[in-house]
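So the protein lines, in turn, are chains Z and E. Okay, so the first sequence: first residue is 138 according to the numbering used here, each after it adds one. Okay, so the second sequence: first residue is 138 according to the numbering used here, each after it adds one.
Protein chains: 2
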Amino acid sequence: MQIENTFRAHQIPIANARENREHLELLEGWMRSYQPETLFDPHGRLRDELRAAAPSGTRRMSANPHANGGELLEDLMIPDFTRYAVPVDAPGRSTAESTRVFGSFVRDVMQANAGRFRLFGPDETESNRLGAVFEVTDRASTAEIYASDEHLSPDGRVMEVLSEHLCQGWLEGYLLSGRHGLFSCYEAFIHIVDSMFNQHAKWLKVARDIAWRRPIASLNYLLTSHVWRQDHNGFSHQDPGFIDNVVNKKADVVRVYLPPDANTLLSVGDHCLRSKNYVNVIIAGKQPELQWLDMEAAIRHCSQGASIWRWASNDEGTTPDVVMACAGDVPTLETLAAVDLLREKIPDLKIRVVNVVDLMALQPQSEHPHGLSDADFDALFTADRPIIFAFHGYPWLIHRLTYRRHGHDNLHVRGYKEEGTTTTPFDMAVRNEIDRLHLTADVIDRVPGLIERAAHVKQYVHDKLVDHKRYIGEYGDDMPEFKQWRWNR
Amino acid sequence: MQIENTFRAHQIPIANARENREHLELLEGWMRSYQPETLFDPHGRLRDELRAAAPSGTRRMSANPHANGGELLEDLMIPDFTRYAVPVDAPGRSTAESTRVFGSFVRDVMQANAGRFRLFGPDETESNRLGAVFEVTDRASTAEIYASDEHLSPDGRVMEVLSEHLCQGWLEGYLLSGRHGLFSCYEAFIHIVDSMFNQHAKWLKVARDIAWRRPIASLNYLLTSHVWRQDHNGFSHQDPGFIDNVVNKKADVVRVYLPPDANTLLSVGDHCLRSKNYVNVIIAGKQPELQWLDMEAAIRHCSQGASIWRWASNDEGTTPDVVMACAGDVPTLETLAAVDLLREKIPDLKIRVVNVVDLMALQPQSEHPHGLSDADFDALFTADRPIIFAFHGYPWLIHRLTYRRHGHDNLHVRGYKEEGTTTTPFDMAVRNEIDRLHLTADVIDRVPGLIERAAHVKQYVHDKLVDHKRYIGEYGDDMPEFKQWRWNR
Numbered sequence: 138m139q140i141e142n143t144f145r146a147h148q149i150p151i152a153n154a155r156e157n158r159e160h161l162e163l164l165e166g167w168m169r170s171y172q173p174e175t176l177f178d179p180h181g182r183l184r185d186e187l188r189a190a191a192p193s194g195t196r197r198m199s200a201n202p203h204a205n206g207g208e209l210l211e212d213l214m215i216p217d218f219t220r221y222a223v224p225v226d227a228p229g230r231s232t233a234e235s236t237r238v239f240g241s242f243v244r245d246v247m248q249a250n251a252g253r254f255r256l257f258g259p260d261e262t263e264s265n266r267l268g269a270v271f272e273v274t275d276r277a278s279t280a281e282i283y284a285s286d287e288h289l290s291p292d293g294r295v296m297e298v299l300s301e302h303l304c305q306g307w308l309e310g311y312l313l314s315g316r317h318g319l320f321s322c323y324e325a326f327i328h329i330v331d332s333m334f335n336q337h338a339k340w341l342k343v344a345r346d347i348a349w350r351r352p353i354a355s356l357n358y359l360l361t362s363h364v365w366r367q368d369h370n371g372f373s374h375q376d377p378g379f380i381d382n383v384v385n386k387k388a389d390v391v392r393v394y395l396p397p398d399a400n401t402l403l404s405v406g407d408h409c410l411r412s413k414n415y416v417n418v419i420i421a422g423k424q425p426e427l428q429w430l431d432m433e434a435a436i437r438h439c440s441q442g443a444s445i446w447r448w449a450s451n452d453e454g455t456t457p458d459v460v461m462a463c464a465g466d467v468p469t470l471e472t473l474a475a476v477d478l479l480r481e482k483i484p485d486l487k488i489r490v491v492n493v494v495d496l497m498a499l500q501p502q503s504e505h506p507h508g509l510s511d512a513d514f515d516a517l518f519t520a521d522r523p524i525i526f527a528f529h530g531y532p533w534l535i536h537r538l539t540y541r542r543h544g545h546d547n548l549h550v551r552g553y554k555e556e557g558t559t560t561t562p563f564d565m566a567v568r569n570e571i572d573r574l575h576l577t578a579d580v581i582d583r584v585p586g587l588i589e590r591a592a593h594v595k596q597y598v599h600d601k602l603v604d605h606k607r608y609i610g611e612y613g614d615d616m617p618e619f620k621q622w623r624w625n626r
Numbered sequence: 138m139q140i141e142n143t144f145r146a147h148q149i150p151i152a153n154a155r156e157n158r159e160h161l162e163l164l165e166g167w168m169r170s171y172q173p174e175t176l177f178d179p180h181g182r183l184r185d186e187l188r189a190a191a192p193s194g195t196r197r198m199s200a201n202p203h204a205n206g207g208e209l210l211e212d213l214m215i216p217d218f219t220r221y222a223v224p225v226d227a228p229g230r231s232t233a234e235s236t237r238v239f240g241s242f243v244r245d246v247m248q249a250n251a252g253r254f255r256l257f258g259p260d261e262t263e264s265n266r267l268g269a270v271f272e273v274t275d276r277a278s279t280a281e282i283y284a285s286d287e288h289l290s291p292d293g294r295v296m297e298v299l300s301e302h303l304c305q306g307w308l309e310g311y312l313l314s315g316r317h318g319l320f321s322c323y324e325a326f327i328h329i330v331d332s333m334f335n336q337h338a339k340w341l342k343v344a345r346d347i348a349w350r351r352p353i354a355s356l357n358y359l360l361t362s363h364v365w366r367q368d369h370n371g372f373s374h375q376d377p378g379f380i381d382n383v384v385n386k387k388a389d390v391v392r393v394y395l396p397p398d399a400n401t402l403l404s405v406g407d408h409c410l411r412s413k414n415y416v417n418v419i420i421a422g423k424q425p426e427l428q429w430l431d432m433e434a435a436i437r438h439c440s441q442g443a444s445i446w447r448w449a450s451n452d453e454g455t456t457p458d459v460v461m462a463c464a465g466d467v468p469t470l471e472t473l474a475a476v477d478l479l480r481e482k483i484p485d486l487k488i489r490v491v492n493v494v495d496l497m498a499l500q501p502q503s504e505h506p507h508g509l510s511d512a513d514f515d516a517l518f519t520a521d522r523p524i525i526f527a528f529h530g531y532p533w534l535i536h537r538l539t540y541r542r543h544g545h546d547n548l549h550v551r552g553y554k555e556e557g558t559t560t561t562p563f564d565m566a567v568r569n570e571i572d573r574l575h576l577t578a579d580v581i582d583r584v585p586g587l588i589e590r591a592a593h594v595k596q597y598v599h600d601k602l603v604d605h606k607r608y609i610g611e612y613g614d615d616m617p618e619f620k621q622w623r624w625n626r
């Protein structure tokens, strides 16, 4: 039977030479066809003249420094990220586009690191509001360039191509050979590279245990144009599940951040660009959105991963009746609007607001190096009070990260539950019951004894939900009281 | 600025015609360039001669029956699956290759349904032990066919190509146009189509609410060559996380099955091929493995999704000291071997064995139509006894599905925790602490009061783990007592 040049060559052509004499003879004939006597001396050593033909030193394939990129890695020159801070005089009054602010920082990183930093992404650099980078570089293209093209050149360092696979592959190769980069992508479509991410994370896990492998730069994802703001694209563009896949991988190689505004994004972004040997996933908004923390507060918050937002809470000096937790920009907005409503309607209700920017802080310390100690977790979330957690992604991810925590039985999570369409931003929140009105109702339902005295607030919530549906049906836009809400405490 | 034939045509070329007179004129000029007066009569109606040019009836694009495949769908002719049953005289004594048994059934489905059933997959039909289908059909190829090729023809109905993307796309098109199919794939590499699966699941969710859309055949995945048996391929081929992605989608369109042996695979497979409008994921072994249930028992078990294995339990008539739960072929093997060990060493320990074949049975009834009622769940798992759950995939998936159940706080899950390499089958289990020895130790640690009187059993476990590591280091194979273990009760 023919084996060479057929599919059979992929199998084991001679399986049983140890027991079968005929197979042994076939194997011997095959091996002898390579004329080993011309390759090895009578002692079985490779002949000197052949040994001399092999390259030496770093010319050996196994010792090529580009195949151990950490050997070539130089730290990035990173400008002081606090210089890009958005002024926030009071929380929740002014707006900014977080990724646009971050874009100026990325621009200056690219400026300072020509030759060792590239930005990768499908054709969404402008759409993701990172266009500032085109002040210092172009999109790379080696094809013909037309007069009508913009920011296109053969030496551009923005790698744009409408293939997430290519972006991922290019970036992996760039990192593995000792450089730095950032992959910016629509959140839903990063799932396209789930399998490639898996293999890179496995590689990082194994490489850690190989002494001669030097650490490489982290693989940084900036996911924006996220699930909550696909106003025109709709259901097909709504999928926050990439991070579910990411956290399946070994805790010591994955990090997930959900900065709620521009200054927290700057702080997190700076941290990720400096890190090594991780996969960092940052999810951030690109639309104009309320800003919460000035730079001092942002640094303090991001360094801890999760903290109490004192200015939004009214439980200081006592135990809270309810903990309102949030992670992600839209959940943070809706949580604070719910807190505002609750504090107005039920002023004696003691509310604590906790924001989570580093998702890994939720896991036990034994599971992830960023995990809060149980004492610190209980200090934030309490061990026995209702926790209403508004989360950017699928709600069960929060349960999965916290199921060993003391307060877990009191934890009620709202998140994306695969309800979506082309609709208004507030209606997306309503459909998934993560909006300020549903969160308010959740608090009333879960704080012991509250339902009896807050029935009118619940009625108010239900009435407003009816008003909302009627209004968007008529105007195709959100009610001004929801769109224009500001934190005024 | 040039808009036509440039990237700018992808944007909104005239954004503000309502307020800006100049923009309005531009818009009017553009619209008039289409000469509407030649297309519409003075009343604004499409001219009759143009209307007449459009096709009518099912020639209209929107009414093409192939675009509403459910209209064309005919039920499969499915042979009686019980005819393919593997004889199981007693549980856990004889072995079979589950997917090979299933292959004979698939062969006869293909035989009986020429023209409306195809098998899709990367070049793994033989490797996944489904080769029986080549008795009745070939691999499809329209390229030149060589004498050395086997089972290749232009009208073959096995669609093999080493691209999971193509397989998925072909199958989706085949289903959407009214036919049936099965996608067989290595478990780790089905992640490649995560994003395509997401979109198909979204399509199914939306199509359910569109009255004129007729149900189509389910998208059936058979995942084999799974995480626990990548003895030669190693870490890169070990990833059971596709189902984590699957269960993020709407409960009414996704189903996940883990048949532990051949007869349960036949029963589940028959059920999936008959179903409509779902995505069914079946994970099953292809290696020779112990068989547990005869066909009668398999049907009873699969119909319930999860049930007590009475023959393996010794708690009948009393409350168990521990519930040993399992889902998946390798976890089932290790659980039963642990039960055997425990019953030998600690005969008065009351053990209940629960096997889960339909993962969705674990979710609350309110979350998934297959979910057990709380009463039924408590009847199986108890509300207050330790549950040691050996699971095929990442362990937190079980926590995520059960966190609302009464017994959740007593639930200890073992599964794949991203520890792997090229190693022996038993060592893969040991590295992830899901093997019979670790499961035995888990029981000793978690049944109240047991640690005091079972210290010698725990010592035995630790000694055996040392023996195991030394043995595989020397022989590159598992110890005979682990390989050859049988259920002999």
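The C-beta atom is built at its ideal place from N, Cα and C for all residues, glycine as well. Predicted model only: the values in this text are computed from it and were never measured.
Whole-Å CB distance - residue i paired with residue j, under 8 angstroms assumed
i, j, result
"S362(Z)", "Y323(Z)", "4 angstroms"
"R366(E)", "G422(E)", "7 angstroms"
"I488(E)", "N451(E)", "6 angstroms"
"H536(Z)", "R551(Z)", "About 12 angstroms separates the two Cβ atoms, so there is no contact after all."
"M247(E)", "F254(E)", "6 angstroms"
"F326(E)", "V416(E)", "F326(E) to V416(E), Cβ: 17 angstroms. No contact."
"R184(Z)", "D178(Z)", "6 angstroms"
"V384(E)", "F372(Z)", "V384(E) to F372(Z), Cβ: 18 angstroms. No contact."
"G530(Z)", "I380(Z)", "6 angstroms"
"Q424(Z)", "G557(Z)", "Contact doesn't hold; Cβ gap of about 16 angstroms is too wide."
Cβ-Cβ distance between residue i and residue j below 8 angstroms
i, j, result
"L213(E)", "H317(E)", "yes"
"T401(E)", "C439(E)", "yes"
"P397(E)", "Y553(E)", "no"
"G207(E)", "I445(E)", "no"
"D275(E)", "G293(E)", "yes"
"V225(Z)", "D477(Z)", "no"
"S404(Z)", "F218(Z)", "yes"
"Q305(E)", "S285(Z)", "no"
"L356(Z)", "L308(Z)", "yes"
"A566(Z)", "V467(Z)", "yes"
"V598(Z)", "L479(Z)", "no"
"V270(E)", "V243(E)", "yes"
Residues that residue i contacts on chain Z, provided the C-beta gap is smaller than 9 angstroms
i, result
"T143(E)", "Y283, S285, D286, E287"
"D458(E)", "Correct list: empty, because the minimum Cβ distance to chain Z is about 23 angstroms."
"Q139(E)", "A284, S285"
Beta carbon proximity, residue i to chain E, threshold 8 angstroms
i, result
"H549(Z)", "no"
"R266(Z)", "no"
One or two residues paired with residue i in a DSSP bridge
i, result
"H549(Z)", "I525(Z)"
"E232(E)", "According to the sequence as given, residue 232(E) is Thr; it is not Glu. Paired residues: L427(E)."
"T361(E)", "Y323(E)"
"R276(Z)", "L289(Z), V295(Z)"
"R392(Z)", "N417(Z)"
"D185(E)", "D185(E) is not bridged to any residue."
Interface partners of residue i on chain E, CB under 9 angstroms
i, result
"K339(Z)", "F372, S373, Q375, D376, E555, G557"
Closer than 7 angstroms at the beta carbon, the chain Z residues around residue i
i, result
"N335(E)", "H328, D376"
is_contact[residue i, chain Z] using C-beta, thresh 8 angstroms
i, result
"Y597(E)", "no"
"S332(E)", "yes"
Of the residues that make up the region 375-387 of chain E, which ones have a beta carbon closer than 7 angstroms to any beta carbon in chain B?
-> Although the question refers to chain B, the structure presented lacks it and instead comprises the protein chains Z and E.
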